[in-house]
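Read through the structure below, which is laid out as structure tokens, and then see the notes.
Number of protein chains: 2
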Amino acid sequence: MMHLILADSELEINPWNRKELLDSSIHHRIMEKNRMAKRQGRPDITHFFLIVAMESLLNKYGLLRVYVHTRNDEVIYIAPETRIIKNYNRFKGLILQLFEKKKVPFDNPLLVLENKSLKELIDELKGKKILFTRRGRKVEIKKLHEIMEEDVICIIGGFSSGYFLTKGIENMVDDIISIYDGMLPAWTVAMEAIAAYERFKF
Amino acid sequence: MMHLILADSELEINPWNRKELLDSSIHHRIMEKNRMAKRQGRPDITHFFLIVAMESLLNKYGLLRVYVHTRNDEVIYIAPETRIIKNYNRFKGLILQLFEKKKVPFDNPLLVLENKSLKELIDELKGKKILFTRRGRKVEIKKLHEIMEEDVICIIGGFSSGYFLTKGIENMVDDIISIYDGMLPAWTVAMEAIAAYERFKF
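This is the structure in structure tokens:
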């Protein structure tokens with residue numbers, strides 16, 4: 000099984016209007032005025048990540064579990080059969096509902112939100128813990144499958160700039176890997192991790 | 000070089016309001032009333048496909064060229080350095096502008112639209128032509144890199160149901176491949192094709 004965690008993702012309610020998610024493509028002015036970090040408010044990153052991960056062949060074969068950890072130490076558990084809403088605005092509406100009700104749909108929930116740190120989430124799971132960051136040791140793409148094991152926990156940052164907010168994250172993992180010298184979008188790293196595990200597994 | 004073509008993609012102007020793209024998530028009622036095919040109006044598929052392809056490692060290494068062919072025999076050429084707009088509504092606005100002006104930005108265009116059939120596009124390009132469809136011969140994911148060559152043209156459907164509209168498409172290609180028994184989203188096939196070529200090439 001591959002466990003795939005989007006860590007410290009920039010997913011939160013808009014503090015100035017609690018009826019919507021913070022989205023920097025819309026709220027950049029008020030964010031700037033209030034000196035909020037530029038990296039905040041990126042539900043689009045989580046959306047693209049989930050679109051790639053949940054629709055992957057690996058997930059169709061039942062070998063993937065996906066989690067979204069947020070900057071405020073919440074964890075979203077995503078049932079493997081979940082079909083992620085393609086429409087971005089409706090996706091944001093769903094995540095807002097999840098923040099409010101903690102599960103959606105309320106009966107037979109597919110998404111469940113719990114207050115939980117990344118450390119607590121990792122401790123629940125079984126497998127080799129691999130952190131992806133450009134600060135890690137360089138592994139060539141063609142050899143990425145060689146670091147995989149039967150059970151792996153792959154951790155990818157859910158932000159567009161900066162570094163993980165979770166302190167001491169390096170001490171929570173077994174291996175720290177870089178697949179490129181620069182920043183990569185979360186879904187590109189997810190795609191490479193998934194393809195490498197498929198290559199290891201299939 | 001890998002040439003990646005999204006073929007017969009469901010990208011067109013809304014015939015009832017030529018100031019926007021047709022989008023079935025918004026226009027489903029009027030589409031149904033006018034007996035338009037359910038598969039039409041899916042700019043989201045092109046968006047996700049481009050987000051995956053253009054942000055891939057393969058593209059960062061300069062080894063990928065991406066084309067979007069539409070149901071109305073238009074071809075969009077996408078410069079490798081193009082950063083696809085993440086916001087869906089703004090992406091649709093950009094594609095609308097492209098339909099109107101044939102290039103965006105008008106000076107130093109990154110996207111160029113030409114009236115051209117899939118056959119004409121394929122004939123321009125050099126490489127082994129591989130069509131991805133569930134009707135093709137089955138190739139296991141772990142062996143997908145073996146069908147790659149130095150120059151390949153990979154063709155993926157840009158629609159969510161049905162089959163390619165381009166007639167005789169099977170006769171335009173060298174190989175017809177299936178990587179899964181059911182329908183797969185275009186971006187999932189793109190991800191697998193890109194990962195396979197990276198494995199062949201890197």
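Listed in order, the protein sequences are those of chains A and B. Following numbering that gives the first Met the number 0, the numbering of the first sequence begins with 0 at its first residue and continues without gaps. Following numbering that gives the first Met the number 0, the numbering of the second sequence begins with 0 at its first residue and continues without gaps. Virtual Cβ for every residue (Gly too), placed ideally from N, Cα, C. All of these numbers come straight from a predicted model, not from anything done at the bench.
For residue 6 (chain A), the first and last residue of its enclosing beta strand (DSSP E): 1 to 8
Rounded straight-line distance, which links the Cα of residue 71 (chain B) to that of residue 108 (chain B): Looking at the backbone, the Cα of residue 108 (chain B) and that of residue 71 (chain B) are separated by about 22 angstroms.
Residue of B:118, B:1, B:45 minimising C-alpha distance to residue 184 (chain B): B:45
Cutoff 6 angstroms; reference residue 117 (chain B); Cβ partners in own chain excluding five residues on either side: 6, 68, 165
Backbone CA spacing between residue 123 (chain A) and residue 150 (chain A) [nearest angstrom]: 13 angstroms
Contact set between residue 182 (chain B) and chain A, taken where Cβ atoms lie within less than 7 angstroms: Going along chain A, no residue has its Cβ under 7 angstroms from residue 182 (chain B), so there is no contact; the nearest lies around 11 angstroms.
Rounded straight-line distance, which links the Cα of residue 101 (chain B) to that of residue 111 (chain A): 45 angstroms
Cβ-based burial, residue 43 (chain A) [other Cβ within 10 Å; buried from 16]: buried
Backbone CA spacing between residue 62 (chain B) and residue 138 (chain A) [nearest angstrom]: About 19 angstroms.
Under 9 angstroms from the C-beta of residue 51 (chain A): neighbouring residues of chain B: 47, 50, 51, 186, 187, 190
Beta-carbon proximity of residue 54 (chain A) to residue 83 (chain A), cut-off 9 angstroms: yes
For residue 200 (chain A), three-class secondary structure by DSSP: helix
Three-way DSSP call (helix, strand, coil) for residue 163 (chain B) in this model: Note: residue 163 (chain B) maps to coil in three-state DSSP.
Minimum length 3: unbroken beta strand (DSSP E) runs contained in the stretch 23 to 87 of chain A: Runs found: 63 to 69, 73 to 77.
Delimiting residues of the beta strand (DSSP E) encompassing residue 130 (chain A): That run of the beta strand (DSSP E) goes 127 to 137.
Short Cβ contact (9 angstroms threshold) for residue 131 (chain A) with residue 78 (chain A): no
Contact set between residue 194 (chain A) and chain B, taken where Cβ atoms lie within less than 9 angstroms: Simply 140, 190, 191, 193, 194, 195, 197, 198.
Classification of residue 8 (chain A) by the beta-carbon crowding that lies within 10 angstroms, buried from 16 upward: Residue environment for residue 8 (chain A): buried (at least 16 other C-beta atoms within 10 angstroms of its C-beta).
Other residues of its chain near residue 190 (chain B): CB distance less than 7 angstroms, five sequence neighbours each side excluded: 51
Residue interval of the beta strand (DSSP E) (run including residue 155 (chain A)): For residue 155 (chain A), the enclosing beta strand (DSSP E) starts and ends at 151 to 156.
Within chain B, partners of residue 201 (chain A) - CB distance below 8 angstroms: 139, 140, 141
Reference residue 179 (chain B); option with closest CA among A:60, A:142, A:89: A:60
Rounded C-alpha distance that separates residue 57 (chain A) from residue 13 (chain A): Going from the Cα of residue 57 (chain A) to the Cα of residue 13 (chain A) covers about 34 angstroms.
Delimiting residues of the beta strand (DSSP E) encompassing residue 146 (chain A): Counting along the chain, residue 146 (chain A) falls outside any beta strand (DSSP E), and DSSP gives it neither H nor E.
Validate contact between the stretch 142 to 160 of chain A and the stretch 32 to 40 of chain A using beta carbons, cut 8 angstroms, 3 pairs: yes
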